[in-house]
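Chains as they are written, first to last, in the numbering used here: chain A, 529 to 1060; chain B, 101 to 462; chain C, 1301 to 1601; chain D, 92 to 375.
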C-alpha cells in the first residue's frame, strides 16, 4: 500500500499552481466542542423512549440517573448519583434509595424523590422500547404505582424476586432510569402521553448540559449547565453535526472544522495516521458482530453444519482487512468489559477442518440464503463467507436490504443466515444472556424478541434455567462463574456464532482531552472533555 | 399552434379581435384556469392516493421504528393499534385526508418532530440549493445553447456539446466527492459539508429558512459569506447538471427557430446577427424554454438525494428517502405533497408564462 | 459496396418502395456516419457488446475471486485497474459488469418507451376522457419524486437487479408518453390518416400501422439520450444499496463500494465511474447523432 | 445609364456528402427600373438567385460571380457589416407566406419600425408615423389598430400587405418578391399584386418577381427569365412569351390549361438532360 498512486499529491500540486495562497486551516471556537457523527438514528430524546445509540448519547448528557457508571473508571463499578446511598432489604426484594439534597433541574425545580418515582412509573406506563428494562423487575403499567413509591427524600422499589443488587443497579444506570422534571413535563402533557411528544424534542433534566437545538438529520446542540451539581462542564457548547460519509467527516477533521470525527472507516483512520495535528483514540464498545443460523433451515439445523460454519469464517482475515482496527475477534456473547465476559476464542479460519466435518456428515453441497443489512462491513463479511463456503461446495445467496426490512424478516424468523450487530441495553451481563441464550418458548406464535427465538433455536432448558438463576445470585464471584459456564456451553452448542466486538476509533484534534465514547457499558460523556 | 384567421375575409379589413372582444377572452381565460386548477387538484389527490397505497403495501413496518428492536409482541400490538393500522386502508386514507385538510401532516416517526415542522426546515434547504443551481444552469446554459445554435458546427458548439454530454454522463456522487476533496480539502476555497460553518450555526434568526436570505435580512455579512461558501459547490454541481440539459434544449429550440422564415425577414431588413438571434429567434423560444427550465427546476426541487448525502445537506430528498426506508409514511406523504405541489405549481407557472409570452395563446 | 449499389441507393427517383426505404436508410446512415462523435459513440457501444459477449475469455481473472491479502492494490501489471476492498481484480469485474449494464439498459429501453408509446398514442388518438384520464395518471407519475418512486417499488418488490430495473422502467415511462402523445396529436389530423380511415381502417389498425411507426423515431432518439440517465439511476439505486446484490459486479454498486476508500484508494471508485462515464457518453453521442438523422426538428439546414 | 443591378455568371454551390451541389450555375441578367419576372420549377435556382443577391446564402454555401453590382458598385461577397447596410435599405425582399415570414411574437408595428429606424435613425415617433403611413399606403383601413396587432391576428392577404409595407418603408431601390402571392387566396392575390405594382411604379423601383406561375408573370412583368436547373434557359419580353423558342418554355406553356384552347389531356412536361448544359438562349 506504499506505492499507491499519489492522487492527493497530484491534486495538491495542481492546486498549488492554481492558488499560491493555499488553504487556511480553520479552528473551532475554544469553548465549543464540535463533533461529526452519524446521528440520523435519533427518533426521540425522551429518556422513556430513546433507545438509539446517538439518542442515548444525548440523553446521557441531559439527565442524571439515580446511580451511575463512570466509563473512565469502570473498575469503580456503580457510583451514587442523584441517589446518595441505597440499601437492600433482608429478603432482597426491596431497595430503598436516598436522594441527594439541593440538586436542581434545568427549570430550577428541585430534584425530589417524587420526580424519581414518577420517572420510573412514567417509563413503564409509556411502554416504549426501553420499558422492558424496568419490566424485568416485575413492574407493569398496572402495579408500578404501588411497587415504585417515595417517602420524603427516599425512593422505594419493591421487586418481584430477590435480584442481584448489581443487576438492578446496572439497569437503573441505563438511560431509562433518567430522572425527569415531573412538573415541567406534566405541564406539556397531551392527553395520555405523559408529555412524550414534548419531551421527545425538549429536555427536562438535571444533567451537565441543556438542549439548545435538535434538528433531525442535521445537528444537536448542547449548552453547558453552569449550575451543575458536580461542577460546570469545561466547555460551554457541544455541537454534534450529522455527517453521513466517512470521507466528508475526515475532510472536516483535516480542515479543522470539527474537533472529533466518530465514524471514520478503517481506511480513513489509516489515512490520517500521518497527520500530527490529529490523534485517534481506540475505545472498546459493547457491540457484538455475530452470525445467527436459523434452526428452521433444514441444512443449518444440522449440528455439523453449525460446527463447520464456525471454521469457515475468516476471523483473522476480516480483522486485518476491512474490519481493521474497528472490530476485534471475540467469540462470546458477553462483550469484554462486562461482568463475567469470557475471553476464549477457540475458532479459527480452517477450510480443511470445515470440509472434513462436512464430508463426515455427508454434506457436499447445498444452498442457503442470507438477508443482510446494507452496511458495508456486513456485506463484505457476507461476501467473504460466500467465497469461503464456495470452497466447500456450499452456496450462499446474499440479499441486501434496508435495516427496517431485515429487522422485519428477522422478527418473523425468516432469515436463514443473519449477519449483524447486537448492542447491549444496559450494563449488566443479563442484557446479552437473556437474548442470546434464553428462549422460553420456541413456537412461531410466541411473539418473542430474543435473538435465540429469532433464529428458531430451542435453547435447552438447562441453559434457560442457568440464565434465569444468574440474575438472582447475590455473590458477584459466583455470578461471574455462572456466566463463564453458560458461555462455555454456548460455544459448544449454540447456532449463534459471536464473531467480533466493536472498537470505536474516534479521531480528534490533538488538543481534545479526556474524551470517552462510553466504553463497553455506557454512552458518550462530554462533561469532562477539555480543549487545550 | 396555427390559429384560425379571424379576418380571413378576402379584401376586407376588420378590427383585430384582441381589442374587439375583451370579455370573451377573459371568460375563456377564466374557464381555462378553472380547468387547469381542477386538473391540478386531481393530480395532487391522485398523488396522495398513490403514495398512501405504496406506503401500505410496502413491506417496511413502521411500527418497528416506533417500538424498537426489543419490543415484545404486546408492545408491538399496542403501537399498531395506536397508529390506526388495524383499520381498513380507505378509512386510514380518509382520516389522513381530513387531517391534511386541517393542515396537520401528523408526526414523523423517524424524527420525532411534527412533519410540518420538519418540512419547514428541510424544504428551504433544498429550495435554496435548487434555486441557485437552476440560476447557474440558466445563466450559463441558455447563452451557451443559443451561441452553439448560432454557430452550429463551430468550436463553441462542439465545446458546448462535450460540456453537456459530460454533464449528462458523470455520476454525481463521484464528482461531488472529488469536488469536495479539491475545493474544500486541498484548496480551501469553499466551505465543507453542511449548510453553514459551525460558528454560524443557529446564529442567524430563521425567517424564510433560506440561510442566504435570512443572513441578508439580518444584515450579517459574515454569515452570508459563510453560507455562500458552503452552498456554492453543491449548487455549482447541480447547476452543471441542469446546464447540460438546458443548453442542449436551448440549442435544439434555437436551431428550429433559426431556420424559420421570419429570421430571413429579419436579416433582409438588415438587422445585425445579434439582433436577429436575441431579438427575434430567442424571443420565440421563450415559451418552450420556460417549460424546460421549470421541469429542470422541478426535478431539482425533488431533492437530489445523492448530492445531499455527499454534502451533508439536510434537504427534502434525504428526508423523504430516509423516511421511506423507515416506513415513516407521514413524513413520506408530507414530503411528497410538498414536492408534488411544487411540480404542479411550476406547471401552472409555465402555463401562465406561456400565456404572457406568447401572444397567440388564448 | 459497389458503385452501382450506391447509385441505386442514392437515386432520387426510386423505382420501388423497397428502394425508397433502403435509400432513405442509407441516406440516414451517411448523415450519421458524417458525425464523427456519433461514430465514436457507436464504436464504444459495439465494443461494449463484444466485451460483454466474450467476457469470460477477455477477463484476466475470476471477478469473484477474493484475496484479502491483496486488497486495495493500485493499478499494476498484475491488476491493470487495481483491486477492490476484498482483493478482487477490478478490470475483470468491470468486464463482467458490462453484461449487467447491457441488461439494465436493454430491459429499460424495451419496457419504458413501449409503455410510454402505448399510453401516449392511445391518449392522443382517442382524445376525450380517455386522454384526460391517461394524462392525469402520467402527470401523477411525473409529479412523483422519481427516485422515491423507484425506491418504493424496489422496497415493495424486494431488492435485486431485476426489480431495480423494473422499477426504473416503471418510473421512466411518463416522459415518453408525453412525447408520443404530442406526436400523435400532430399526426392525428394529417390527411393520410383521414385517407386510411376512409379506406376503412379501424382505430387499432390506424394506431399500429400509421401512428406508431411515426412516433418511433423520436422515441428512439429520446431513449438513446436517456440511456445515460438510466445507467446513472441504476448506479444511484446501487449506491443506496437497492440495486444489484453482492457479489455481482454492477458498476454502480462498485462505485458505492469504493466511495469509502475514495480519499486514499481512488481507483476503486474511479474505475467503475470511468466505465459508467464512457458508456453514458457513448449513448449520449449516439443519441445526438441519431437525433440529427431521425428528428427533423433537430434542424437540418 | 448603369443598370440598377447587374449580375454576370452568378454561381451558388453547396458542398454535400455526394459532392458539390450547384444550385445556381452561371446566371446573368441586368435589372433596370422595371419588373423582371423569374420563372422556373421548384429547385430551378430562382429563390437562391434572389438570396444570393441579398447576401443571404449561409455558409457552407458559396456565392461566386464575375460581376454583381448595385448601381455600378460591386456587392459581391461584401463584408457582412457593409452588406447589412444595403439590405433592407437598398434591396429588400418579400417572401411567400406572411404566416411564416412575420415574427409571431412581435407586433406588426414594432416589426415595421425596427427596420425603418435602423436605416434612417429617426426618432421613435417619426418611425411610428412612417409605419402608419406605409400601412395606409398598402390600403389597410385601420392602420392604428393593425399597428398594435400580432401577425396571427391578421389575414393572409393583410399579412402580405404588411410585409410589403415593412419592406418598402426604408425606400429600397430594388424589391425581390419571392412568390409573394402563391400562399394567398386567389381572391386576394390580385389586390396584393395591384398594390405591389402601384408602389413599385410610384417609387421607380426595380422589381424581381420570382414565381412558378407563367401566366401571372406574363401579365404582370415587363421581361421574363426562364430558369431550369440553375441556369437561365431563355429570356424574353413578357408579351412575346407565347413565341418562346426554348422547348422547356414551350413545355411549361403547354402544361398549363387554357380556356381558349382546351385540350383532351394536358401535356406532360418533358425534360432533357441536354438543357442543363446548353447556354441560355437569347443571352448574347
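By construction, the Cβ of each residue, glycine as well, lies at the ideal position given by its N, Cα and C atoms.
Assuming contact is defined by CB atoms lying nearer than 9 Å, are residue i and residue j in contact in what I supplied?
i: residue 591 of chain A; j: residue 708 of chain A; result: yes
i: residue 94 of chain D; j: residue 183 of chain D; result: no
i: residue 769 of chain A; j: residue 385 of chain B; result: no
i: residue 765 of chain A; j: residue 560 of chain A; result: yes
i: residue 429 of chain B; j: residue 152 of chain B; result: yes
i: residue 1454 of chain C; j: residue 1542 of chain C; result: yes
i: residue 268 of chain D; j: residue 298 of chain D; result: yes
i: residue 381 of chain B; j: residue 309 of chain B; result: no
i: residue 740 of chain A; j: residue 751 of chain A; result: yes
i: residue 1040 of chain A; j: residue 673 of chain A; result: no
i: residue 346 of chain B; j: residue 212 of chain B; result: no
i: residue 76 of chain D; j: residue 96 of chain D; result: With chain D represented from 92 up to 375, any question about residue 76 of chain D goes unanswered, as that position is not in the structure.
i: residue 555 of chain A; j: residue 570 of chain A; result: no
Quick one: using the 10 Å Cβ neighbour count with 16 as the cut-off for buried, is residue i buried or exposed?
i: residue 1320 of chain C; result: exposed
i: residue 373 of chain B; result: exposed
i: residue 1049 of chain A; result: buried
i: residue 842 of chain A; result: buried
i: residue 748 of chain A; result: buried
i: residue 552 of chain A; result: Low confidence applies here, because residue 552 of chain A scores a pLDDT of 46, under 50, leaving its location unreliable and the question unanswered by this model.
i: residue 583 of chain A; result: buried
i: residue 660 of chain A; result: buried
i: residue 333 of chain D; result: exposed
Starting from the beta carbon of residue i, find every residue of chain A whose beta carbon is closer than 7 Å, and list them in chain order.
i: residue 173 of chain B; result: 975
List, in order along the chain, the chain B residues whose C-beta lies closer than 9 Å to that of residue i?
i: residue 660 of chain A; result: 170, 171, 172 and 175
Just the chain A side, please: which residues come within less than 8 Å of residue i by C-beta, in chain order?
i: residue 293 of chain B; result: 771, 773, 776, 779 and 780
Counting only Cβ pairs nearer than 8 Å, list the residues of chain B close to residue i.
i: residue 1436 of chain C; result: 139, 142, 143 and 146
i: residue 178 of chain D; result: 367, 368, 369 and 370
So which residues of chain C does residue i contact, with C-beta pairs closer than 8 Å?
i: residue 1007 of chain A; result: Correct list: empty, because the minimum Cβ distance to chain C is about 40 Å.
i: residue 434 of chain B; result: In chain order: nothing, as chain C lies at least about 12 Å away.
Taking Cβ-Cβ distances shorter than 8 Å, what residues in chain D pair up with residue i?
i: residue 362 of chain B; result: 191, 192, 193, 194 and 195
What does residue i reach in chain C if we use C-beta pairs closer than 9 Å?
i: residue 849 of chain A; result: 1368, 1369, 1371, 1372, 1385, 1386 and 1387
Output, in chain order, the set of chain D residues within a Cβ distance shorter than 7 Å of residue i.
i: residue 458 of chain B; result: 196
Checklist entry - Can you list, in chain order, the residues of the region 368-390 of chain B whose Cβ is nearer than 7 Å to any Cβ on chain D? => result 368, 369, 370, 371, 372, 380, 383 and 384
Checklist entry - the region 308-323 of chain D: which residues have C-beta closer than 9 Å to a C-beta of chain B, in chain order? => result none
Checklist entry - Counting pairs of beta carbons, one from the region 928-944 of chain A and one from the region 873-888 of chain A, are three or more of them closer than 8 Å? => result no
Next on the checklist: For the pair the region 709-716 of chain A and the region 619-628 of chain A, tell me if three or more CB-CB distances fall below 8 Å.
Outcome noted: no
Next on the checklist: Beta carbons nearer than 9 Å to chain B: which residues of the region 108-140 of chain D have them?
Outcome noted: none
Item to check | Proximal residues, the region 1562-1585 of chain C versus chain B, C-beta separation under 7 Å | outcome: 1562, 1563, 1569, 1573, 1576, 1577, 1580, 1581, 1584 and 1585
Checklist entry - At a Cβ cut of 7 Å, what residues of the region 1411-1431 of chain C count as close to chain B, listed as they run along the chain? => result none
Next on the checklist: Which residues of the region 246-269 of chain B have a Cβ closer than 9 Å to any Cβ of chain C? Give them in chain order.
Outcome noted: 249, 252, 258, 261, 262, 264, 265, 266, 268 and 269
Checklist entry - Which of the residues in the region 1375-1387 of chain C, read from start to end, lie with their CB under 9 Å from any CB of chain A? => result 1375, 1376, 1382, 1385, 1386 and 1387
Checklist entry - How about the region 169-176 of chain B and the region 975-982 of chain A: do they share at least three Cβ pairs that are nearer than 8 Å? => result yes
Checklist entry - Taking any Cβ of chain G, which residues in the region 1352-1378 of chain C have a Cβ under 9 Å from it, in chain order? => result As a matter of chain content, chain G is missing from the structure shown, whose protein chains are A, B, C and D.
Item to check | Chain-ordered residues of the region 217-248 of chain D with a beta carbon less than 9 Å from chain B | outcome: 230, 231, 232, 233, 236, 237, 239, 240, 241, 242, 243, 244, 245, 246, 247 and 248
Checklist entry - Hey, is the region 322-336 of chain B in contact with the region 802-818 of chain A, meaning 3+ C-beta pairs nearer than 8 Å? => result no
Next on the checklist: Please list, in chain order, the residues of the region 323-350 of chain B that have any C-beta partner in chain C closer than 7 Å.
Outcome noted: none
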